[in-house]
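K.L.:
The structure is given below, and queries will be raised subsequently.
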Amino acid sequence: VCPRVILSTVSARCCHSNLCFCRWSCPIRFRTSKAVRIKEGSCYFSGFVPRGHLTATGSPTTFFLQESKLTQDKTKMRHLIIFVSLHVACWSQKEEQLTVANNRFGIQLLKILQSSPQGNVFFSPYSVSSLMGMAFAGAREDTQHELSQGLGYASAGLQDSHILDAYPLHTHRLRSLESNSTLEVANAAAVHERFALQSAYELHLAGSLTAMLLKVDFENGGRDAVDTINRWVKLRTHEKIPRLFNAPLESSTRLVLLSAIYFKGKWEKEFEKNHTEKKTFLNGGTTPTQVDTMTGMIPVRHQSFESLGVDMAELPYQGGDYSMVILLPKQNDEVEVFKQNLTDVLIKDLASQLVDRQVRVFLPKFKLEAEYSLRNPLQNLGIRRIFGPSADLSGITEDNNIQVSAVVHKAFVKVNEEGTEAAAVSGAVFVTKTLGLPTVEFKVDHPFLFFIRNTRTKDVMFAGQVNNL
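In the numbering used here, the protein residues as written are 321 to 789.
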C-alpha cells in the first residue's frame, strides 16, 4: 500500500520484490532533509526530488513528518508535498515499464517504416511515444485500449491507471541526469482559441505531460496558427527543424499535439579530423561509393555474435549517460532481414554481452533528414479507431467530436568527428469527425542499424537505418 497519510506520520510500504526500488544512491544512514527524517531504510527527499535508495526488504519503510509551529493549512500543505514525494519512491517500477513500452513500440515502428536500398530511416521513438501519450491521456474505452496495446503499454505490464503517473517521473529522471550531453524534451498543444478542452485534460497536459498550451486560430486562413507552431518547433529543435508544416491546416483543425526532442553529444574520445578519408561504402549492400570515413582507436563496448551474423558496438558520449549503439550485419545486404527479427529483448540481451575493449573503428560521417506520415504505420500497429469517426476522445473535449487526421514526424541527425547532433519533432492533428581483449576492427562499410540511447534508463531516444550515403 503506497502511500498513505496518517495525522503527522507519512507511511509507505513498497512492494516486496526487488523490482520495486529507487535508482538513486546515497549512504545507508539516517538523513534529514527539510521536515522529513528517515527512521528506516535509506531514501530521503528534498522538495519533490527523490534521493537515496529505498530497500525492498519485505518490511514497511516509514518516514515521519516532524511537527513544527505551522498553521493548520500549512501543515496540510506539507503533508501533500511528502505524499507526492513518496509516490516518486514507490512508483519507479512504473517508470521502468514505461521505458520497456517505449522501446518496444520504437522497434516495431522501425520495422514498419518503409526502407529501400536507396533510402534511409531515422526517427525518434521517444518523441513519437510522448506524442501518442498525450493522445492516450484523452482517449477512452476501445480507443484507449488500442493505444495501450499498440504503444506497448499492455505488453510491458503497465496498467492504464498508472501510465500518466509514470510519465512525469520518467521525464524528470531524463532531465535531472548530470550529463555532458545536451538532451531537451518538450511537449506542446496548439488549441483553437474557441475550442474547449476538458479541464482534467488541461491538467494532464500541464502536469503529467509537461506540455505548453498554445492558443491559436485555425480558421481565417490559419497562417498565424501554423507560424506559431513552426516557431515553437524551430526553437525546441535549435533550428535543426525550421518548420513542421509548410501550409495552413484545414479550417476544421481544433488541436495539434506536438513533441520535440533535441540531442547533442560529443564522443568520449573524438575522432581526429586528419584521419578522416574517403573509403568505400556499399550502398544497398552492393553499390560501392566513396564517403568520408572517420577512423580511430576508440574505447567501446563491442561483441561479435557469430550465430546471429552481426557485430555490435556501443560508442559512448562524454559523461557516459548516452551512447550510440551500432548493429552491423556480417553480410553486406542482410540489414533488412536482421531488422525484421529484431526485438527490444534481443537488443537488451546483446547489450549485456558487450565487452570493453579498444577497437579500430571505421565509421562514415553522415547527415540524415527524414519526414514521415505515421498514420498508416500506426494503423499497422493496431491503432485505428483514433483516426476515424468511432474515435472516443471524450477525455479531451466533452462533445467528443474530434478525431486524428494526421500524425507527422520530422527528424534530423548529424554524425561527425566531434560527436552527434540530432533533433526530432512529432505532431498529431485533430479535426472534427469526418576495453581488455585484443584489438579488433569495426568497419562500418555497408548498411547498418543505429540507436542513440540513455545508458542509465535504457531509453532509445533515436533510431535509424543507413542504407545509402
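Even glycine gets a Cβ: it sits at the ideal position worked out from N, Cα and C.
All values derive from a computational prediction rather than experimental measurement.
Using beta-carbon positions only, say whether residue 634 and residue 643 come within less than 7 Å of one another.
P.N.:
Result yes, Cβ atoms of residue 634 and residue 643 sit closer than 7 Å.
K.L.:
Hey, quick one: how far does the beta strand (DSSP E) through residue 512 stretch, first residue to last?
P.N.:
Start and end: 502-512.
K.L.:
In whole angstroms, what separates the C-alpha of residue 610 from that of residue 603?
P.N.:
Taking the straight line joining both Cα atoms gives about 10 Å.
K.L.:
If you pair each beta-carbon of the region 681-691 with each one of the region 607-625, do three or more pairs fall below 8 Å?
P.N.:
Enough Cβ pairs lie closer than 8 Å, so yes.
K.L.:
Would you be able to state if there are at least three C-beta pairs under 8 Å between the region 690-710 and the region 647-658?
P.N.:
No, because fewer than three Cβ pairs between the region 647-658 and the region 690-710 fall closer than 8 Å, the two stretches do not touch.
K.L.:
Where does residue 615 fall in DSSP's three states?
P.N.:
Reduced to three states, the DSSP call for residue 615 is strand.
K.L.:
Looking at residue 593: is its Cβ nearer than 7 Å to the Cβ of residue 737?
P.N.:
Cβ atoms of residue 593 and residue 737: closer than 7 Å.
K.L.:
Among 546, 568, 577, 449, which has the Cα closest to the Cα of residue 526?
P.N.:
Comparing Cα positions, the closest option is 577.
K.L.:
Pick out whichever of 720, 727, 660 has its Cα sitting closest to the Cα of residue 427.
P.N.:
That would be 660, whose Cα lies nearest to the Cα of residue 427.
K.L.:
Thinking C-beta only, is residue 730 closer than 7 Å to residue 745?
P.N.:
A contact, by the Cβ cut-off of 7 Å.
K.L.:
In the DSSP assignment, what are the bridge partners of residue 705?
P.N.:
DSSP lists no partner for residue 705.
K.L.:
In angstroms, rounded to a whole number, what distance separates the CA positions of residue 776 and residue 435?
P.N.:
Cα-Cα distance, rounded: 30 Å.
K.L.:
Starting from the Cα of residue 572, find the closest Cα among 464, 704, 542, 715 and give me that residue.
P.N.:
Checking every option, the nearest Cα to that of residue 572 belongs to 542.
K.L.:
Just to confirm, is the Cβ distance from residue 720 to residue 438 under 7 Å?
P.N.:
No. Outside cutoff.
K.L.:
Between the Cα of residue 531 and those of 491, 563, 515, spot the shortest distance and give me the residue it belongs to.
P.N.:
Closest by alpha carbon: 491.
K.L.:
How far does the alpha helix (DSSP H) with residue 549 in it extend, from its first residue to its last?
P.N.:
From DSSP, the alpha helix (DSSP H) with residue 549 extends over 543-556.
K.L.:
CB-CB under 6 Å to residue 780, same chain, minus the five flanking residues each way: which ones, in chain order?
P.N.:
Taken in chain order, the residues that qualify are 423, 426, 445, 771, 773.
K.L.:
Give the secondary structure of residue 715 by DSSP, where H, G and I count as helix, E and B as strand, and everything else as coil.
P.N.:
Of the three classes helix, strand and coil, the one that applies to residue 715 here is coil, per DSSP.
K.L.:
Between the alpha carbons of residue 476 and residue 547, how many angstroms are there, rounded?
P.N.:
So the two alpha carbons sit approximately 38 Å from each other.
K.L.:
Does the beta carbon of residue 418 sit closer than 7 Å to a beta carbon anywhere in chain E?
P.N.:
No chain E appears in the structure shown, which is made up of a single protein chain.
K.L.:
If I'm right that residue 432 touches residue 701 with Cβ under 8 Å, what's the distance once you round it to whole angstroms?
P.N.:
Right, the Cβ-Cβ distance comes to about 7 Å (below 8 Å), so this counts as a contact.
K.L.:
With a Cβ-Cβ cutoff of 7 Å, do residue 549 and residue 743 count as a contact?
P.N.:
It is not a contact, given that the beta carbons lie outside the stated cut-off.
K.L.:
So, for residue 751: in the same chain, excluding its five sequence neighbours on each side, which residues have a beta-carbon less than 7 Å away from its beta-carbon?
P.N.:
Answer for residue 751: 570, 572, 573, 574, 722, 723, 725, listed in chain order.
K.L.:
Given 8 Å as the limit, is there contact between the region 461-476 and the region 497-509, that is, 3 or more CB pairs closer than that?
P.N.:
Contact fails: fewer than three Cβ-Cβ distances are below 8 Å.
K.L.:
Judging by CA-CA distance, which residue of 465, 460, 716, 456 is the nearest neighbour of residue 485?
P.N.:
The candidate whose alpha carbon is nearest that of residue 485 is 456.
K.L.:
Does DSSP put residue 697 in a helix, a strand or coil?
P.N.:
If DSSP states are grouped into helix, strand and coil, residue 697 belongs with the helices.
K.L.:
Mind checking residue 501: buried by the 16 CB within 10 Å criterion, or exposed?
P.N.:
Counting Cβ neighbours within 10 Å, residue 501 comes out buried, since at least 16 surround it.
K.L.:
Would you say residue 601 and residue 462 are within 7 Å of each other, going by their C-beta atoms?
P.N.:
Cβ distance not < 7 Å, so residue 601 and residue 462 don't count as in contact.
K.L.:
Could you tell me whether the Cβ atoms of residue 863 and residue 667 are closer together than 7 Å?
P.N.:
Because the chain spans 321 through 789 in this model, residue 863 falls outside it and cannot be assessed.
K.L.:
According to DSSP, is residue 721 helix, strand or coil?
P.N.:
Residue state, collapsed to three classes: coil.
K.L.:
Let me check understanding here. Comparing Cα to Cα, which of 761, 717, 706, 715 lies closest to residue 466?
P.N.:
Of the candidates 761, 717, 706, 715, the one whose C-alpha sits nearest the C-alpha of residue 466 is 706.
K.L.:
Taking residue 656 as part of the alpha helix (DSSP H), name the residues at either end of that continuous run.
P.N.:
Taken as a continuous stretch (DSSP letters only), the alpha helix (DSSP H) holding residue 656 covers 655-660.
K.L.:
Let's test the definition: count the other Cβ atoms within 10 Å of the Cβ of residue 663 and tell me whether it reaches 16, buried, or not, exposed.
P.N.:
So residue 663 counts as exposed.
K.L.:
Residue range of the beta strand (DSSP E) that residue 785 falls in?
P.N.:
Residues 780-786.
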